[in-house]
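See below for the structure under consideration.
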Amino acid sequence: MTESLTNAATVLLIFLIGYTFKKFNLCDISFARKLSYVIMYVTLPCAILSGSQGGLEMEYSLFFIVPIAFVISFCFPLIGYFLYKRDPKFCVYSMLNLGGFNIGNFILPFMQSTLSTEGFLALCLFDVVNAFFCFGGVYCMALYFNQKGFDSGKPVNLKMVALELSKSVTSYCCILCIVFSSLNITIPSIIMHPVKVMGSSNTFICMFVIGIALNFNMTFNQISRIIKMIFLRYSAALVSALLIAFLLPYSPMVKLILIAIVFAPITSLAPITAIRSLPQFAEDSANLNMMSVIISVVLITAICAFSPALMSIL
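Throughout, our numbering is defined as the position within the sequence shown, counted from one, plus 409.
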């Protein structure tokens, strides 16, 4: 528990460092936007590849988690589309910020001390689908379902969406990791060393970019937007958690980890995507991400603290 709280405090500290750099005019949103390309094409792919370390025996009964993860990951951004489709740009903003779960930086550190092998496998299977949505899937949904929300000047069709998704280096890295794990292939250490060095900087750069985009001098409209997104996100998480608890035929440990996942913070890639595609909402997205981190830290800490009692109910 101490380690997970330390990780959460570290994330908030990096947010503050990025924000301080902006306040002293050492960097700005345009710098953050350029730095986001370093994340998407260098540090994030390296962070993913550094996790590929050979085989992991799968339990076939758990593979049903894959379609469950797909449905949950698909439905969260759709909430934003159906509620705000009459306002194209805000609809895109809401879809980007309602989809995706920050599993690696939060759920795993919080739950690793109590995770069984079965629970860890469940987390991995969910995260494979989650990675697809975080690393381009939600962006493509927003692009396709809300064509007027992007100032691309080009008609949006399935071909354009497929082309956009094909640019995601991170998606290719996820596929490589799955293949390597299933075939028990280990990447040679001479290759992994520079990959790990670059990947280890990913969390810092991601949170630093979000910190640059933070703006605490918010208007009433900005605060209202953030409160709406927080309410929608965690209401959807609560409904998902109840369905998981009462409908899925899995062990209490698997149900507990899936419930923790749906209460995870918004993916840290959401503000980075907003910086690239909707700069006018960059500050809102960064502030929303920070609030999501704080709320999820409280909720997941409670889940961990009361895990024995929760598993007896599940």
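In this text, a Cβ means the ideal position worked out from N, Cα and C, and glycines have one as well.
Would you identify the three-state DSSP class for residue i, choosing helix, strand or coil?
i: L599; result: Leu is not the amino acid found at residue 599; the sequence shown has Ile there. I599 falls in the helix class under three-state DSSP.
i: F625; result: coil
i: F433; result: coil
Would you mind reading off the limits of the alpha helix (DSSP H) that contains residue i?
i: F440; result: 438-447
i: F473; result: From DSSP, F473 is part of no alpha helix (DSSP H); its letter is neither H nor E.
i: V538; result: 526-541
i: I594; result: It is not in any alpha helix (DSSP H) - I594 carries neither H nor E in the DSSP assignment.
i: I457; result: 453-458
i: N506; result: 497-507
i: Y548; result: 547-554
Taking 6 Å as the limit between beta carbons, can you name the residues of its chain near residue i, skipping five residues before and five after?
i: V671; result: A646, S649, A650
i: F485; result: L507, G508, A645
i: L708; result: F672
i: C455; result: V604, M607, G608
i: S370; result: Absent from the model: residue 370. The displayed extent of the chain is 410 to 723, so no value can be given.
i: D693; result: Q631, R634
Report buried or exposed for residue i, applying the criterion of at least 16 other Cβ atoms within 10 angstroms of its Cβ.
i: N698; result: buried
i: D437; result: exposed
i: I681; result: buried
i: Y469; result: exposed
i: I426; result: exposed
i: F655; result: exposed
i: R634; result: buried
i: V475; result: exposed
i: N593; result: exposed
i: T429; result: exposed
i: N626; result: exposed
i: V501; result: buried
Kindly list the residues whose CB is nearer than 8 Å to the CB of residue i, restricted to its own chain and excluding five residues on each side of it in sequence; keep chain order.
i: L641; result: I488, G489, L492, S503, L507
i: F472; result: L534
i: V538; result: V475, A478, F479, S482
Residues in its own chain within less than 7 Å of residue i by CB, not counting five upstream and five downstream?
i: S660; result: E527
i: K664; result: I653, A654, L657, L723
i: M720; result: P661, M662, L665
i: R685; result: R442, S445
Kindly provide the ranges of any alpha helix (DSSP H) runs that are 4 or more residues long and lie completely inside the segment 629-669, ordered along the chain.
Taking only runs of at least 4 residues, the alpha helix (DSSP H) segments lying wholly in the segment 629-669 are 629-656.
Report the residue ranges of all alpha helix (DSSP H) runs contained in full by the segment 670-718; include only those spanning at least 4 residues, in chain order.
If we require 4 residues or more, the alpha helix (DSSP H) runs fully inside the segment 670-718 come out as 678-686, 691-714.
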